[in-house]
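Number of protein chains: 2
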Amino acid sequence: MTQPVLQRQLFGPGPSNPYPEATAALGLPLLGHLDPAFIARMDRVCDSLRTLWGTSNARTLPLSATGSAGMEAAFVNTINPGDVAVIAVNGLFGERMCEVASRVGAEVVRVDHEYGTPIDAQRVAEAHPNPTVIAGVHAETSTGVLSDIAALGAIKGDALLITDAVTSIGGMPVLADEWGIDVGYAGTQKCIGVAPGLAPFTISDRAFERRVQKPQSWYLDLGLLGGYTTGSTGGGRTYHHTAPVAMVASLEAGLERILSEGLDTVTTRHQAAGTALQNGLQEMGLELFAAEGHRLPQLTTVKVPQSVDSAKVRGYLLERFNIEIGGGVGQYANTVWRIGLMGPNANPSSVALLLAALKEAIDKA
Amino acid sequence: MTQPVLQRQLFGPGPSNPYPEATAALGLPLLGHLDPAFIARMDRVCDSLRTLWGTSNARTLPLSATGSAGMEAAFVNTINPGDVAVIAVNGLFGERMCEVASRVGAEVVRVDHEYGTPIDAQRVAEAHPNPTVIAGVHAETSTGVLSDIAALGAIKGDALLITDAVTSIGGMPVLADEWGIDVGYAGTQKCIGVAPGLAPFTISDRAFERRVQKPQSWYLDLGLLGGYTTGSTGGGRTYHHTAPVAMVASLEAGLERILSEGLDTVTTRHQAAGTALQNGLQEMGLELFAAEGHRLPQLTTVKVPQSVDSAKVRGYLLERFNIEIGGGVGQYANTVWRIGLMGPNANPSSVALLLAALKEAIDKA
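Protein chains in written order, with full-length UniProt numbering: chain C, 1 to 365; chain F, 1 to 365.
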C-alpha cells in the first residue's frame, strides 16, 4: 500500500524547504563527475559561491558531505598537532569546534560565553598571545545569536580566522575578504535553500599556503581536492572522489535562484520575515531567548512558557499542521524552541501561518 | 538562454544512470532529519542495506558522504596508531586504502598484485603473523577484477577484515556474515543505481567492540553515529549531524526497487549484460584486460587497440551518442577503457547500443 507523501513545512533549525528550482534540479538526468558539462557546472557553482562568500578565493568549492564535515575540513587542513586554537564558544557549534579541533591534536583554548549572547572579540584576543587559529560561529544555530565576525578579523593578528557560516550564508551578508575570514564553511540546507548534503567551503591563499601538508583526513584534504574542483596547475582535473553530482546540480539551481533575486533582496526578505515573527511572538506574550540586538532573523529562539510542555506543542504542530519547529539544545532542550524562516520560507505567509498555528498549539496541546 | 538538458548514457565506471524510482524520490518534499517519518525511513533503509550486505549487523547504515569517505570511516574506526594493516593491492582502490590507512597511523603492509589479477589470499596470509586488520577490494573498479573475499575471511585469524564493496554491492552477491567481513563500505552510484552521495556501511559487533574509542574523525565516528541511526541504548535518537535527507529518500527507493526485483534476478541481469558485452567486444577483435575467470560483469575493462586514440573514441561517443565510458587509471589511462553496465543499465539494449556505438567510434574517431 502506498504511503501518503508528507508535505512538511520545515520551520525548524534546518533543513529548510528547498527553493523549487533546487528540487527540480535534483530530478535532472545525471552527468558523470568528470563530464565536461559537469566540470563547467562545478565551475559555475564555485563562482556563485564566491559571490555568496564575498570572496575572490580561488579555492571556494562545495565539499562532498554535510556542514559538519566542513567544520572538520577547516581544522584538519589548518592544525598540526600541538598548534593552539582559540575557540569562541557561545553555543553547541562552538562546543563542537572544540571537540573537532582537539581530535586533530590542537591545544584548544576555549573562550566561553553565556548561551544566548554574542562573541566578545576582546576576550578572544586576550585568551592567548599567539594562536595558530581563532575560530567562531557567525550565526549560532543552537541559540539564534549573531556575532560580529569582522571584530574577530580585526583582532586575529597573525592567526588564521575560521568561521562557521552554516546558518548565515544565503540569508544575510557574509563578507569573507572584508572581514578577514581565512577559512569558512557552511551547509546547503539552511538559507541557501537546498537539501542537506554539501558543505560550501572557502579558504584564503594565506591559509592554503600554511595548510597541513598531509592532513589526517584523505577525504577532506584540500590539497588533493583543489586538483579536482579548480584544476591542477598543469590544467586538467584530477580524479579524487566521485562528486555527488545530483546535489551539485541542485546547489547550482539554488544559487542561481538566490543570485537572480539579488543578495540584497534576499537579505531584506529574511530580515523582514524574522522581524515580523519576533514581533508577533512577543505580542503573543512570549519571551525571546537570544540577546536583543544580536538576534538572527532567520533563526528565532523563544522561551517555552513555564506552564507549557515543549514536546507536546511540537507534536501538535507536526500532527495537525505538518509544521516542524525545533526544540532547544543541551540544557535548553525543553525550555527553548527554535524557529527557522530560511530560504523560500522567509516570507509573510510563513510568518502568518506560524503565529496562528503556534497560538493554537499552545492553547490546545 | 536556457541550455538544453543533456541526457547521458552513463556507461563509465560510475556514476551510473539511477533507477527511475531513485530519481523520482529525490523530488519528494523534504522531511526534517529528526522527523519521526524520516527516522522510520532511515530504519527501512538500514534494514534493506542489511539484506544487500548479507548481514544481521545492527550497525548497518548509510554514511553521509561518498564511497571514499566510507573507506576513511573503515580505517579511522579500527586503527589505532601503530596497528598493522595488511592491505591487498590489485588496483587503484587498494592503493588508496594504503594511503588512507597510513594517515590514520597504521603500519601498512602492502601485498602487491599485478593489475588485472585477483587477490591471492595465501600471499596475504603470509604477509604478517598478527595484523590488526586485513583489507581488500571485492570488485576493483580500476581494473574490472573480482576477488574472492571469502578466501580472505578464511585466513583472517584474529584480524578484522575490511572490504570495499563499492562496485559489487547491488549487482552481485555480497555475503558479509558468511564471508567474515567485519567492516564493509560501498557507494550508492554503481549497481545500487542511486546518485552518488552516500556510503552504505556495515560493521560487525566484534569490530565495533574493538573500535577506536575516539577516532580522529568526529564526522565519521561510528560510536557517535550509532546513536543517531540505530538509536542509543536508552532509546531515542541523538543528534549528530544533519543527514542528507533527499539522498536517503532516493536510496530507499533504489533499494526497494532492487529488493522487489529480487537480488537473484538483479545478479542474473548484471551477469547476462556483462557476459554479452564481453563476448561482443571479443567478437569485434578487442582484447579484455582483466584475467579470465575473474572478470566483473558490471565493469568491463578493454585494451585500447594500438592504432586507436583512446580519448578520441571517448570524445566521439560522448559527442555523437551521449555515451560516457571511462579511460583507464594510472599507467593504463590511455591504454584501457572501462565500461560499466550497472543498475538500470545492465540490460540488453545497453549492450546492443554500446557495441554498435563503440564500433562506429573506433572506425571513425
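Built from N, CA and C at the ideal position, the CB exists for glycine as well. Treat the numbers as computed from the prediction; the structure is a model and nothing was measured.
Between I169/F and I192/F the beta-carbon gap is near 6 Å, inside 8 Å, which marks them as a contact. Between E324/C and chain F, the shortest Cβ-Cβ separation is below 8 Å.
Taking 8 Å as the cut-off, the Cβ atoms of T66/C and S350/F do not count as close. Here the alpha carbon of I119/C sits roughly 8 Å from the alpha carbon of V89/C. Between the stretch 250 to 260 of chain C and the stretch 96 to 116 of chain C, the count of Cβ pairs shorter than 8 Å is below three; the stretches do not touch. Per DSSP, W337/F is one residue of the beta strand (DSSP E) stretching across V336 to G340. DSSP places I203/F within a strand segment (E or B) once states are collapsed to three. Sequence-distant Cβ neighbours of I339/C in its own chain, meaning closer than 6 Å and more than five residues away, are F11, T300 and I325. Where A85/C is concerned, the enclosing beta strand (DSSP E) starts and stops at V84 to V89. With respect to the C-alpha of E178/C, the residue from V166/C, D112/C and A151/C having the closest C-alpha is A151/C. Contacts with chain F at 8 Å (Cβ-Cβ) do not include Q331/C. In this structure, the beta-carbon distance from G136/C to S147/C falls below 8 Å.
Per DSSP, the beta-bridge partners of P62/F are P200/F.
Considering only beta carbons, the part of the stretch 209 to 221 of chain F lying closer than 9 Å to chain C consists of K214, P215, Q216, S217, W218, Y219, L220 and D221, in chain order. By a beta-carbon distance limit of 8 Å, L317/F contacts A361/F. Their separation comes to about 5 Å.
For I134/F, no alpha helix (DSSP H) segment is defined; the enclosing uninterrupted segment is the beta strand (DSSP E) at V133 to V137. Under the DSSP assignment, Y316/C falls in the alpha helix (DSSP H) whose first and last residues are S310 to F321. Under the Cβ distance rule, H113/F does not count among the residues neighbouring chain C, no pair being separated by less than 8 Å. DSSP, reduced to helix, strand and coil, places G180/C outside both helices and strands of the structure shown, so it counts as coil. For D35/C, a Cβ of chain F is located within less than 8 Å of the residue's own Cβ. For A195/F, the nearest beta carbon of chain C is closer than 8 Å to its own beta carbon.
Contact between the stretch 187 to 207 of chain F and the stretch 12 to 23 of chain F is present, with at least three C-beta pairs closer than 8 Å. In the three-state reduction of the DSSP assignment, V109/F falls in the strand class. R96/C counts as buried, since no fewer than 16 other beta carbons sit within 10 angstroms of its beta carbon.
With its beta carbon less than 8 Å from one in chain F, E99/C belongs to the interface. Apart from sequence neighbours up to five positions away, the residues of its chain that approach K359/C with a beta-carbon distance below 7 Å are M284, ordered along the chain.
Distance from the Cα of A273/F is smallest, within the candidate group M342/F, F321/F and V248/F, for M342/F.
Contiguous alpha helix (DSSP H) elements confined to the stretch 227 to 284 of chain C occur at 245 to 261 and 263 to 283, taking only those with 4 or more residues.
Sequence-ordered contacts of the stretch 244 to 255 of chain F with chain C read P244, V245, A246 and M247 [C-beta pairs closer than 7 Å].
A residue is called buried when at least 16 other Cβ atoms come within 10 angstroms of its Cβ; E140/F meets this threshold and is buried. Taking a Cβ-Cβ cut-off of 9 Å, the neighbours of S68/F in chain C comprise S64, W218, Y219, H240, H241 and T242, given in sequence order.
L198/F is a Cβ neighbour of P244/F, given a cutoff of 8 Å.
Sorting L288/C, Q216/C, T51/C and P13/C by C-alpha distance to the C-alpha of V174/C places T51/C at the top.
Around the beta carbon of R314/C, 16 or more other beta carbons lie within 10 angstroms, which makes this residue buried. Sequence-distant Cβ neighbours of P18/F in its own chain, meaning closer than 6 Å and more than five residues away, are G193, V194 and A195.
Annotation for D164/F: the continuous beta strand (DSSP E) segment containing it runs L160 to D164.
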